[in-house]
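To keep things clear, I will list the structure first and then write my remarks on it.
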Amino acid sequence: KEFIKYIESVNKIYNDNYAFYNSSIDALKNEPLKYDKELGYSVYNTVLFQAMIALSFHGFLRPGEVTAKANNIQFQHCVLTDDSLVITFFKFKFHKGPPYEICVNATNSVDCPIKALQNYFNFRGTSQGPLFRFVNGKAVSYKRFSDLVRQLVAHLHLKGKISPHSFLIGAATWAALQG
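Residue numbers 35 to 213, in this note's numbering, belong to the letters of the sequence shown in order.
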């Protein structure tokens with residue numbers, strides 16, 4: 035009985051977070067973000083957030099690694115090819131030691147993180163600094179990312195505890211269910 039309850043709770047976490055990831059990608063592809071008085075250009079922001087969401091999920095990344103935190107990913111620490119992205123982390127939460135690399139591979143799906151990043155890089159350019167930043171050069175803050183997640187949750191009429199961590203949780207749960 036306890037095991038069945040555990041499986042049901044894992045399935046709910048998976049369904050809520052993985053469904054949110056897929057719905058978010060679809061929503062941003064079908065409806066660009068509205069004009070923002072502070073940040074302006076909505077197509078750029080839409081492409082930016084699509085890339086953030088896809089990389090957060092497929093890279094199993096914490097929100098602090100994609101937003102303006104001490105451990106965020108820097109453009110100059112990334113190597114993007116047609117079929118993968120290699121990110122070198124020099125520091126990240128709970129890690130004290132030598133640099134660590136992760137590789138995110140292309141997928142054959144509409145939510146391919148490599149395609150999303152290539153599209154974003156076409157807008158962003160190749161200057162050094164935070165990987166994810168607005169057109170004005172300012173890094174995306176955790177609050178702005180969190181605001182976007184709240185907007186998407188409201189737009190999609192979702193319920194449950196969904197936050198910027200939901201992309202990592204959904205990816206981890208999806209991977210665990212794959213075996």
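We treat Cβ as the ideally placed atom computed from N, Cα and C, and that holds for glycine. No experiment lies behind these values; they were computed from the predicted model shown.
Exercise. Around the C-beta of T115, are 16 or more other C-beta atoms found within 10 angstroms, so that it is buried, or is it exposed?
Worked result: Counting from 1 along the sequence shown, the entry for residue 115 is found at position 81. T115 should be labelled exposed.
For this session: Express the C-alpha separation of R178 and Y75 in angstroms, rounding to a whole number.
Result: The sequence position of residue 75 within the sequence shown is 41, counting from 1. The sequence position of residue 178 within the sequence shown is 144, counting from 1. In this predicted model, Y75 has a pLDDT of only 47, less than 50, meaning its place in the structure is not dependable enough to derive any value.
For this session: From the DSSP output, in three-state form, read off A85 for me.
Result: As a position in the sequence shown, residue 85 is number 51, starting the count at 1. Looking at A85 - three-state DSSP - the assignment turns out to be helix.
For this session: Taking only the alpha-carbon atoms, compute the straight-line gap between V100 and K130 and give it to the nearest angstrom.
Result: For the purposes of this step, residue 100 is taken as the residue at position 66 of the sequence shown. For the purposes of this step, residue 130 is taken as the residue at position 96 of the sequence shown. V100 and K130: Cα-Cα distance of roughly 19 Å.
Problem set entry | Supposed contact pair Y176 and G97 - C-beta distance, whole angstroms, cut 8 Å | Numbered from 1 along the sequence shown, position 63 holds the residue referred to as residue 97. Numbered from 1 along the sequence shown, position 142 holds the residue referred to as residue 176. Just to set this straight, residue 97 is Pro in the shown sequence, not Gly. At roughly 6 Å, the Cβ-Cβ gap stays under 8 Å, so P97 and Y176 are in contact.
Exercise. Can you name the residues that DSSP bridges to C146?
Worked result: Within the sequence shown, the letter at position 112 stands for residue 146. Answer is none; C146 lacks a bridge partner.
Exercise. When burial is assigned at 16 or more other CB atoms within 10 Å of the CB, is Q162 buried or exposed?
Worked result: The residue given as residue 162 occupies position 128 in the sequence shown. Classification of Q162: exposed, given that the 10 Å Cβ count is below 16.
Exercise. Hey, how far is the Cα of W208 from the Cα of A88?
Worked result: For the purposes of this step, residue 208 is taken as residue 174 along the sequence shown, with counting starting at 1. For the purposes of this step, residue 88 is taken as residue 54 along the sequence shown, with counting starting at 1. Going by the C-alpha atoms only, they are around 14 Å apart.
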